[in-house]
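Presented below is the structure to which this report refers.
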Amino acid sequence: MRRTLPVLALCVALLSSSAAVEAAPEPSPGKTFSYGGHARQNITVYGDRSARPALMILHGGSWVRDTDWSARARWFAARGFTVYDTDYRLATDAAWPAQRDDVLAALRWVKRRGGSAPLVLGSSAGGHLAVSAGAYGAGRKRVRGVVALSPVASPYRAWKDGGMPAASSPQRKLRGTAELLAGCVPDRAAGRCWKKWVDLVAKSHASGKDDAPLFLTHSAADFVPVAHSTDLAHAQTVAGLRDATVRIEQGTAHGGELLRNPGFAQAVLRWLRQHA
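As structure tokens, this is what we get:
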């Protein structure tokens, strides 16, 4: 079933897990490079960079954990992308905006290497960084398009949701890591600290046509609710962005788990190819 809202495309789809996955050869192992002086400021590159669109991947982990995206990076590389699997400083290393600074530095590194702005795919906390990079300043100049899987587009919303009596364990944990990321508690914050919480929310930087196209997805029972993405897409559409899609998948999958559905993985692949 598909409905188009005035401010965004909201697609609700049930995709069969038996859908055929495009066959492709396995690419060679990745090579790792540094884009900064910190141990986490590194990028592992998969695929031949010649005449291929660039795809940066930003892992999730609630801003406090590294998660392994190497298998998915190889999957995309086998389907025609040069994939830049990118690490960044965690909240345990440095507070915000260090994480956004790292992504911006990594994007500059990729553009120097490949000659053009890459597509970006982010999951959960990495989705937050992806949509933040796509909206910060004139995001379209550095990001060709953003796919975000369960993006925590508003850490402040996540903090509020995690404090509700009915909050799930993942929501309560996300509340704590959002506090660590910001470096302060928002209900006690004033001045500079409150400005940091505002800065963390991607829609605070929405500038419409100057920002990257968006493909945002959550499951229907995601512990990071779809409101994170509908609020961002609404703000971007009001500001003039004409390419913002929000898609809801059935079930409880979160972040990279959504790609386990072959039909959904193919939908992501199609969107990336259309925006390459």
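Counted the way mature numbering (1 follows the signal peptide of the UniProt record, and there is no 0) counts, the sequence shown spans residues -23 to -1, 1 to 253.
Don't be surprised by glycine CBs; every beta carbon is placed ideally from N, CA and C.
It should be emphasised that the depicted structure is a prediction, and the values quoted were computed from it without experimental measurement.
Residue span of the beta strand (DSSP E) that contains residue i, given as start and end
{"i": "HIS211", "result": "Run containing HIS211: none in the beta strand (DSSP E); it sits in the alpha helix (DSSP H), 204 to 215."}
{"i": "PHE192", "result": "191 to 196"}
{"i": "GLY8", "result": "The sequence given here places Lys at residue 8; Gly does not occur at that position. That run of the beta strand (DSSP E) goes 8 to 11."}
{"i": "VAL22", "result": "19 to 23"}
{"i": "THR44", "result": "First-last for THR44: undefined, no H or E at that position."}
{"i": "ALA221", "result": "221 to 226"}
Inter-residue Cα distance where the pair is residue i and residue j
{"i": "TYR133", "j": "ALA144", "result": "15 Å"}
{"i": "ASP176", "j": "ASP208", "result": "15 Å"}
{"i": "VAL80", "j": "PRO142", "result": "35 Å"}
{"i": "ASP164", "j": "LEU158", "result": "15 Å"}
{"i": "GLY91", "j": "ALA253", "result": "13 Å"}
{"i": "SER11", "j": "SER206", "result": "32 Å"}
{"i": "PHE192", "j": "VAL123", "result": "6 Å"}
{"i": "ALA179", "j": "SER27", "result": "33 Å"}
{"i": "GLY185", "j": "ALA107", "result": "16 Å"}
{"i": "residue 258", "j": "ALA204", "result": "Residue 258 lies beyond the range of the chain shown here (-23 to 253); nothing can be said about it."}
{"i": "ARG237", "j": "GLY168", "result": "43 Å"}
{"i": "PRO30", "j": "GLN251", "result": "11 Å"}
{"i": "GLY111", "j": "GLY99", "result": "11 Å"}
{"i": "ALA55", "j": "ARG247", "result": "14 Å"}
{"i": "ALA75", "j": "ARG17", "result": "12 Å"}
{"i": "HIS211", "j": "THR9", "result": "38 Å"}
Residue burial classification, residue i (beta-carbon count within 10 angstroms, cutoff 16)
{"i": "VAL162", "result": "exposed"}
{"i": "LYS173", "result": "buried"}
{"i": "GLY114", "result": "exposed"}
{"i": "LEU249", "result": "buried"}
{"i": "SER39", "result": "buried"}
{"i": "GLY103", "result": "buried"}
{"i": "ARG89", "result": "exposed"}
{"i": "GLN227", "result": "exposed"}
{"i": "ASP64", "result": "buried"}
Host alpha helix (DSSP H) of residue i (start-end)
{"i": "HIS105", "result": "102 to 112"}
{"i": "HIS36", "result": "HIS36 -> no alpha helix (DSSP H), and no H or E assigned at all."}
{"i": "HIS231", "result": "Segment: none, HIS231 is in no alpha helix (DSSP H) and carries neither H nor E."}
{"i": "SER146", "result": "146 to 159"}
{"i": "ARG250", "result": "239 to 252"}
{"i": "VAL175", "result": "169 to 177"}
{"i": "ARG49", "result": "47 to 54"}
Any C-beta of chain B under 8 Å from that of residue i
{"i": "ALA130", "result": "Chain labels in this structure do not include chain B; a single protein chain is all it has."}
Other residues of its chain near residue i: CB distance less than 8 Å, five sequence neighbours each side excluded
{"i": "ALA50", "result": "GLY7, THR21, TYR23, ILE34, VAL60 and ASP62"}
Neighbourhood of residue i by C-beta distance below 6 Å, restricted to the same chain and skipping five residues each side
{"i": "ALA155", "result": "PRO132, ALA135 and TRP136"}
{"i": "PHE53", "result": "LEU32 and VAL60"}
For a minimum of 3 consecutive residues, which ranges assigned as the beta strand (DSSP E) are wholly contained in the segment 57 to 142? 59 to 63, 96 to 100 and 122 to 126
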